[in-house]
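J.: Per my numbering, the sequence shown starts with residue 36, numbered consecutively.
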Amino acid sequence: MTSSKSRTPLYEALRRHRAAKPRSYHVPGHSQGRAYTGQDEAMDYAAILSLDVTELSDTDDLHQPEGVILEAQQLAAATFGSEESCFLVGGSTAGNLALILAHLRRGDILIVQRNVHKSVIHGLQLAQASAVFVDPHVDPATGLALTPSLAALREALQSYPQAKAVLLSNPSYYGLGVQLTPYVEVVHSYGLPLLVDEAHGAHFGLHPELPDSALQAGADAVVQSTHKTLTAMTMGAMLHMQGDRIDRAAIRQMLQLIQSSSPSYPIMASLDIARAMIDREGSTLFESALAAADQFRRRLPIETGFETADRIHHTAQDARIGAPDIYHDPLRVTIRDRTGRLSGYALKSSLEARGCWAEMADAMYVVLLFGVGTRDEDIEALLAALQQIGEEDAADQEFSEAAAATYVAEDSHALAPLAAGHSEPVAFDLHTARGRASETVELSNAEGRIAAEMIIPYPPGIPLVYAGERLSSAALEQLQQLALLGARCQGAADPSLRTIRVWTTKTV
Numbered sequence: 036m037t038s039s040k041s042r043t044p045l046y047e048a049l050r051r052h053r054a055a056k057p058r059s060y061h062v063p064g065h066s067q068g069r070a071y072t073g074q075d076e077a078m079d080y081a082a083i084l085s086l087d088v089t090e091l092s093d094t095d096d097l098h099q100p101e102g103v104i105l106e107a108q109q110l111a112a113a114t115f116g117s118e119e120s121c122f123l124v125g126g127s128t129a130g131n132l133a134l135i136l137a138h139l140r141r142g143d144i145l146i147v148q149r150n151v152h153k154s155v156i157h158g159l160q161l162a163q164a165s166a167v168f169v170d171p172h173v174d175p176a177t178g179l180a181l182t183p184s185l186a187a188l189r190e191a192l193q194s195y196p197q198a199k200a201v202l203l204s205n206p207s208y209y210g211l212g213v214q215l216t217p218y219v220e221v222v223h224s225y226g227l228p229l230l231v232d233e234a235h236g237a238h239f240g241l242h243p244e245l246p247d248s249a250l251q252a253g254a255d256a257v258v259q260s261t262h263k264t265l266t267a268m269t270m271g272a273m274l275h276m277q278g279d280r281i282d283r284a285a286i287r288q289m290l291q292l293i294q295s296s297s298p299s300y301p302i303m304a305s306l307d308i309a310r311a312m313i314d315r316e317g318s319t320l321f322e323s324a325l326a327a328a329d330q331f332r333r334r335l336p337i338e339t340g341f342e343t344a345d346r347i348h349h350t351a352q353d354a355r356i357g358a359p360d361i362y363h364d365p366l367r368v369t370i371r372d373r374t375g376r377l378s379g380y381a382l383k384s385s386l387e388a389r390g391c392w393a394e395m396a397d398a399m400y401v402v403l404l405f406g407v408g409t410r411d412e413d414i415e416a417l418l419a420a421l422q423q424i425g426e427e428d429a430a431d432q433e434f435s436e437a438a439a440a441t442y443v444a445e446d447s448h449a450l451a452p453l454a455a456g457h458s459e460p461v462a463f464d465l466h467t468a469r470g471r472a473s474e475t476v477e478l479s480n481a482e483g484r485i486a487a488e489m490i491i492p493y494p495p496g497i498p499l500v501y502a503g504e505r506l507s508s509a510a511l512e513q514l515q516q517l518a519l520l521g522a523r524c525q526g527a528a529d530p531s532l533r534t535i536r537v538w539t540t541k542t543v
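1. By DSSP, does P492 sit in helix, in strand, or in coil?
2. Looking only at its own chain, which residues have a Cβ that is under 8 Å from the Cβ of V222, when we skip the five neighbours before and after it?
3. What is the residue span of the beta strand (DSSP E) that F122 lies within?
4. Among P63, M312 and T264, which residue has its Cα nearest to the Cα of G210?
5. DSSP on H152, reduced to helix/strand/coil?
6. Along the chain, where does the alpha helix (DSSP H) that runs through R50 open and close?
7. Could you compute how far the alpha carbon of H448 sits from the alpha carbon of Q513?
8. Could you spell out the range, first to last residue, of the beta strand (DSSP E) harbouring Q163?
9. Check the C-beta distance from V500 over to A486 and give it rounded, since I have them as a contact under 8 Å.
10. Does the distance from the C-beta atom of A133 to that of I337 stay below 7 Å?
11. What do you reckon, are the CB atoms on S117 and Q277 nearer than 7 Å?
12. Run through DSSP, which three-state label would A381 get?
13. Alpha carbon to alpha carbon, how far is L519 from F405? Give it in angstroms, no decimals.
14. Could you check whether D93 and H152 sit closer than 7 Å to each other, using their CB atoms as the reference points?
15. With distances taken Cα to Cα, identify the nearest neighbour of G456 among A510, A502 and I535.
16. Does the stretch 100-110 come close enough to the stretch 303-310 to have 3 or more Cβ pairs within less than 8 Å?
17. From the DSSP secondary-structure annotation, give me the bridge partner or partners of F341.
18. What residues are listed by DSSP as bridge partners for Y362?
19. Going by alpha carbons, who is nearest to R523 out of I497, L274 and T539?
20. Could you check the C-alpha separation between H242 and L366 for me, to the nearest Å?
21. Excluding the 5 residues flanking E394 on each side, which residues of the same chain have their C-beta closer than 7 Å to its C-beta?
22. Kindly indicate which three-state DSSP category D529 falls into: helix, strand or coil?
23. Under 7 Å between the Cβ atoms of G68 and L84?
24. For I25 and L335, I'd like the C-alpha separation in whole angstroms.
25. Could you tell me which of N205, Y300 and T266 sits nearest to A256, measuring between CA atoms?
26. Going by Cα to Cα distance, which pick from F321, Q291 and T269 is closest to G240?
27. How many whole angstroms separate the CB atoms of V407 and S323, which I take to be in contact at a CB cut-off of 8 Å?
28. Roughly how many angstroms separate the alpha carbons of A48 and D79, rounded to a whole number?
29. Can you name the start and end residues of the beta strand (DSSP E) that A273 belongs to?
30. Do you know offhand how far S378's Cα is from I491's?
31. What residue range does the beta strand (DSSP E) around S473 cover?
32. Out of curiosity, what's the CA-to-CA distance linking R262 and M268?
33. Curious, which full-length alpha helix (DSSP H) runs of at least 4 residues does the stretch 280-341 contain?
34. As a quick exercise: from V368, R371, L418 and H363, pick the residue whose alpha carbon is nearest that of G390.
35. Pairs of beta-carbons, one from the stretch 155-171 and one from the stretch 137-147, closer than 8 Å: are there three or more?
36. Could you have a look at M268 and say whether DSSP puts it in helix, strand or coil?
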């Protein structure tokens, strides 16, 4: 008999509705997929549409849940350890937008790490709020950015006690993270809520070998992409809440504003099923994925020049200086070609040519994600592909330790200028920014001006300057250093970084 916790109330309701063979006189127009009858090329797609319904008396309403959706969300809260959980059909983006709009009004300040997802910036624009950006700590071993140090966060809180909340993103896209408990303690000591974008950590806290979740650390509101590292459909995510430092009613109201009034039932059902899988299987759900990732790390052919970021990190003596409890997500493996023969982009393309598709790449690294569906044969195929790539590339170019050292130094140079400090409040106003005239000035004449463009050194992909940010002498010095080093920067109108776009004093 199925236990109450492992039930899937929403999914079961959809199956009962389908089994009743109802005649549809409502949206969606495909009538539970029947519109595709006889369309052989679309039958795979049509199969899922039998569960694609709308708000009916037996399927509940996401924006006013009273039945099966409410029960499904309550079960999710119990599983993930929150006091209240909400289903998201617009990914973690919807959750980040709702959190910001619920807690910030025009002119309010959010203390936020500089390396955040674009949805956070979009939320600030919609709220017409300001951000105090805290520079991330950079792991000296790998050159990858982390959560800001506690000291940098504390300094920002001391400088701007009027802030309404703190938002951190943890773990990073590369699987690097920090233990959040001390961050929670610091933020709460100032009477503020800690909001966490945990999009890449929905699986955290669900197995002894996985890091603790942000909820377990005591964060007040946490957004998780259930579709990324668990088993929900793409765009399926959850927002978890606990404690009384956040305005839950306002968050629910903002979710109604942000999310579609016609939410996808297949996506919501997939959230229900993903949660039930955890309740049914417990930590054993992750055993095969953890074993696969561990096997890959142990068997990676380092003699061909490939190495993992966690191996780099653990062999560097100074890797933990200035950063508390750095961890690597066991299910996210970041690799690079240490010889410098292949950039991250080239390595990713070479893997794709051999049928192995990675999560993402940058100039140096390739990120590989191992999910609960990863099997031994997937590891064998990946190792074989890397072995072949390494052998073929080695035949084309001689390995040079000096060249490799130069490659690593050149691709890490953009990280060096990042200082562990915080910005002045940067105002975000979508309408004002659109109507503002800009001009080009020499970098040497830009101090004190307001940037009209966002400049993102890549790697590491962390905005050094946001549009709307006042250009300090320190920021300009960093830009000049990047220019001398020949850094690649996204967003800059002048790739040479000799000039920069700034706002004029007049509006149009």
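No residue lacks a Cβ here, since even glycine has one placed at the ideal position from N, Cα and C.
T.: Quick look at the numbers:
1. strand
2. L188, L192, V201, P228 and L229
3. E119 to L123
4. T264
5. coil
6. P44 to A54
7. Note that H448 has pLDDT 41, beneath the 50 cutoff, so the model's placement of it is unreliable and the number below is only indicative. Roughly 11 Å between the two C-alpha positions.
8. Segment: none, Q163 is in no beta strand (DSSP E) and carries neither H nor E.
9. 5 Å
10. no
11. yes
12. helix
13. 39 Å
14. no
15. A510
16. yes
17. D372
18. G212
19. I497
20. 12 Å
21. V402, L403 and L404
22. coil
23. yes
24. Past the edges of the chain, shown from 36 to 543, lies residue 25, and the structure says nothing about it.
25. N205
26. F321
27. 7 Å
28. 22 Å
29. It should be pointed out that residue 273 corresponds to Met in this sequence rather than to Ala. Counting along the chain, the beta strand (DSSP E) containing M273 begins and ends at A272 to M276.
30. 19 Å
31. R471 to E477
32. First, the amino acid is wrong: residue 262 is His here, not Arg. Near 5 Å, if we compare the C-alpha coordinates of M268 and H262.
33. 283-293, 300-316 and 322-334
34. L418
35. yes
36. coil
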